Amino acid sequence: MKHKIFLASLCSLTIVACSEIKKVDEMHDATVKMSDTTEDMKQQTGDLKGMTDELYDALRQGNALQLRREAYNSVVQAPTMFKKISEATKYFMSFEFQLWNGIGQDTSVLKRDVLGQQAAQEFFMEIEELAPRDGSVNPLADGDDRTASFNAMAVAMDQTNRKQNANLESTGQTKLISMYSMMEEALLAPREVPQTGYIREILAHEEKAIQILQTRYNMFPLMFIDMMSKLGDKNIFSQGKTLLMGWDLDLSTMNATQTEYLQTEVLQKGLDAKNLLIQLGKTPKMDSKVARLIDKMRVPKKSGAKSLMEAESQQKLILMLKEIRK
């Protein structure tokens, strides 16, 4: 009897044990399936992120290109020089290297250099139809709308998009890039070895880059004179009269911010272009009309009403203009 009870108990334990083993096996199978599902989800999430990154990159490329096309056409069609410069600024701000953000497909800094190379390639192809074919510089443009558009491009090419400043701050990068800064870096690069990236692209168009520099050197003092004398608002006869009779450097109607702007954003950029040309072993060439306008500058006699700050600002502008002319 005891033997039968023992066998019955053993059978019960065996049945229970088998049941528990089956549960463990089922739990294991479920765990494996969950692991596979998790891996699938990870794969799908990765695929989705890759698709999203690719979609953003493609959309940015298309949108930026469309903005540049519209801005470029507006540069050519704009009726005044200052409007052309305004549209040229938008053109340069819409290049993709200005929008590099360090995330997605922009994780690599090399991507930024690639975008810079593409921008340089596009830029030099675009200005081929605007620049004087003989390599000359004509800051007054003399009724030539395409040359005036080229001049506007030369003026605005140092502009950066505020998005670039914000993106650099978030990524820890410090190198702010503009078309002008890339050109400066390229022109100062050694010629003994083959270059790559945007430096290679710019050096392939070195003569055109020098033409742009010569144009900047002329355009900024001309812009200064226009701001002082309203030269651009005058008809041909009045412009000729200004060229013959001269103009007044009068800061009495300007505030401190306007005067500081003339120093840092106008004349200093003309000086920078001149100094870069000299550094490259090139002779800065000033247009004869621009030189004559500088020479025809009249400085009003000092009056008791002129503040010391105004007098100092005026003297600094005079010295900067003479340095550009020298």
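Okay, so the sequence shown: first residue is 28 according to our numbering, each after it adds one. Glycine residues also receive a C-beta, built at the ideal position from the N, C-alpha and C atoms. Since the model is a prediction, treat every value here as computed from it, not as a measurement.
Item                                                                                                                                                                       : Value
For the alpha helix (DSSP H) that Leu-249 lies in, which residues bound it at each end?                                                                                    : 233-256
Please return the same chain residues whose Cβ sits closer than 7 Å to the Cβ of Glu-337, not counting the five positions on each side in sequence.                        : Leu-278
Taking 8 Å as the cut-off, does the region 243-256 touch the region 269-278 (at least 3 CB pairs, one atom from each stretch)?                                             : yes
Enumerate in chain order the residues of its own chain whose CB-to-CB distance from Met-209 is below 7 Å, with the five nearest sequence positions on each side excluded.  : Gly-143, Ala-147, Tyr-225 and Ile-229
DSSP state of Arg-160, grouped into three classes?                                                                                                                         : coil
Is it true that the CB of Val-164 sits closer than 8 Å to the CB of Lys-312?                                                                                               : yes
DSSP three-state call for Asp-260: helix, strand or coil?                                                                                                                  : helix
Along the alpha helix (DSSP H) that carries Thr-187, what are the first and last residues, could you check?                                                                : That residue, Thr-187, is in no alpha helix (DSSP H); it is neither H nor E in DSSP.
Please classify Met-313: does DSSP put it in a helix, a strand, or coil?                                                                                                   : coil
Here's the rule: buried if 16 or more other CB atoms are within 10 angstroms of the residue's CB, otherwise exposed. What is Ile-252?                                      : buried
Cα separation between Arg-87 and Glu-123?                                                                                                                                  : 8 Å
Looking only at its own chain, which residues have a Cβ that is under 6 Å from the Cβ of Val-43, when we skip the five neighbours before and after it?                     : With a pLDDT of 49 at Val-43, under the threshold of 50, the modelled position of this residue cannot be trusted; read the value that follows with caution. The answer is none, since no qualifying residue turns up.
Nearest to Asp-8 by alpha carbon, out of Gln-295, Lys-235 and Lys-117?                                                                                                     : The question about residue 8 has no answer, for the chain in this structure spans 28 to 353.
Indicate the three-state DSSP secondary structure (helix, strand or coil) for Asp-84 in the structure shown.                                                               : helix
Output yes or no for whether 8 Å exceeds the beta carbon distance between Ala-181 and Met-108.                                                                             : no
How would you write the range of the alpha helix (DSSP H) that Met-281 sits in, first residue to last?                                                                     : Neither: Met-281 is in no alpha helix (DSSP H) and is coded neither H nor E.
Do the region 336-350 and the region 287-305 touch if we need at least three Cβ pairs shorter than 8 Å?                                                                    : yes
Looking only at DSSP bridge pairs, what is Asp-275 linked to?                                                                                                              : Arg-325
What are the uninterrupted segments assigned as alpha helix (DSSP H) that are 4 or more residues long and contained completely in the region 90-178, given in chain order? : 108-120 and 136-154
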